[in-house]
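Undergrad: Here the protein sequences line up with chains D and Z, keeping their order.
For the first sequence, my numbering assigns the number 1 to the initial residue and increments by one for each residue that follows.
For the second sequence, my numbering assigns the number 113 to the initial residue and increments by one for each residue that follows.
Ideal placement from N, C-alpha and C gives every residue a C-beta, glycine not left out.
Being a predicted model, the structure only gives us computed values, none of them experimental.
Before I ask anything, let me first share the structure, which is written out below as structure tokens.
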Amino acid sequence: KQEVTQIPAALSVPEGENLVLNCSFTDSAIYNLQWFRQDPGKGLTSLLLIQSSQREQTSGRLNASLDKSSGRSTLYIAASQPGDSATYLCAVIRTGANNLFFGTGTRLTVIP
Amino acid sequence: KAGVTQTPRYLIKTRGQQVTLSCSPISGHRSVSWYQQTPGQGLQFLFEYFSETQRNKGNFPGRFSGRQFSNSRSEMNVSTLELGDSALYLCASSLAGARDGYTFGSGTRLTVV
Numbered sequence: 001k002q003e004v005t006q007i008p009a010a011l012s013v014p015e016g017e018n019l020v021l022n023c024s025f026t027d028s029a030i031y032n033l034q035w036f037r038q039d040p041g042k043g044l045t046s047l048l049l050i051q052s053s054q055r056e057q058t059s060g061r062l063n064a065s066l067d068k069s070s071g072r073s074t075l076y077i078a079a080s081q082p083g084d085s086a087t088y089l090c091a092v093i094r095t096g097a098n099n100l101f102f103g104t105g106t107r108l109t110v111i112p
Numbered sequence: 113k114a115g116v117t118q119t120p121r122y123l124i125k126t127r128g129q130q131v132t133l134s135c136s137p138i139s140g141h142r143s144v145s146w147y148q149q150t151p152g153q154g155l156q157f158l159f160e161y162f163s164e165t166q167r168n169k170g171n172f173p174g175r176f177s178g179r180q181f182s183n184s185r186s187e188m189n190v191s192t193l194e195l196g197d198s199a200l201y202l203c204a205s206s207l208a209g210a211r212d213g214y215t216f217g218s219g220t221r222l223t224v225v
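Right, here's the structure in full:
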């Protein structure tokens, strides 16, 4: 069974700091991995999608890496801003499946 | 380009009642998935529909059901509601499934009293 863990569960940083969020998964036979953010009481906003054949993806200040062999992904946020405050979720899709397995999320607070 | 639309946004129901939630995917998307989000269990997969057929199902009781119409719109139904069904229900659409990634709607907040 696929288990997805995100550490830390919560993180507070001052504005402008660079930070890294971690995601680990137990079954390396994944099809792809997707990072989302969720604002309180809202739906999920897709940030980055990494196919299993890729090592990383970048979008603006965000960079996500994927290491299938070690079962890890990281989301790097550069020059954090108060608007980045949200819960960040990673999710994997097992090879042969069509559903997402979600981690428990990291709640990020960027302090002005 | 319109996103994934879920209606209604909020619902309050009484134990024992049934409820139907609706999801309109992004135009051209044929895969629609449903997820339940609760503080205790996080995000859990309910089921996925593709071209009007249920392609994948999570570990939920039979009280949870769904369907997809020919225009790819999907509905989810929960019968005999229990207090534990209170949750945020999220719908996600994709062109064809896993390789395309998923776009989520804003969700329906269901409260069972």
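#1: What residues in the segment 38-71 of chain D have a beta carbon less than 8 Å from any beta carbon of chain Z?
#2: So, is residue 111 of chain D buried or exposed, given that buried needs 16 or more other C-beta atoms within 10 angstroms?
#3: Using a Cβ cut-off of 8 Å (strictly closer), state whether residue 114 of chain Z contacts chain D.
#4: Could you check whether residue 130 of chain Z and residue 224 of chain Z sit closer than 8 Å to each other, using their CB atoms as the reference points?
#5: Between the alpha carbons of residue 79 of chain D and residue 16 of chain D, how many angstroms are there, rounded?
#6: Residues bridged to residue 14 of chain D by DSSP?
#7: Per DSSP, which residues does residue 130 of chain Z bridge with? Please list them.
#8: For residue 133 of chain Z, which residues in chain D fall below 8 Å Cβ to Cβ?
#9: Determine the chain Z residues that contact residue 22 of chain D at a beta-carbon separation under 7 Å, and present them in chain order.
TA: This is what the structure gives:
#1: 41, 42, 43, 44, 45, 46, 49 and 51
#2: That one is exposed.
#3: Residue 114 of chain Z has a beta carbon lying at 8 Å or more from every beta carbon in chain D.
#4: Remark: C-beta atoms of residue 224 of chain Z and residue 130 of chain Z do not approach each other more closely than 8 Å.
#5: 4 Å
#6: For residue 14 of chain D, the pairing in a beta bridge is given by DSSP as D/111.
#7: Residue 130 of chain Z is not bridged to any residue.
#8: The premise fails here: residue 133 of chain Z is roughly 13 Å from chain D at the closest Cβ pair, so nothing lies under 8 Å.
#9: Simply none; closest approach about 17 Å.
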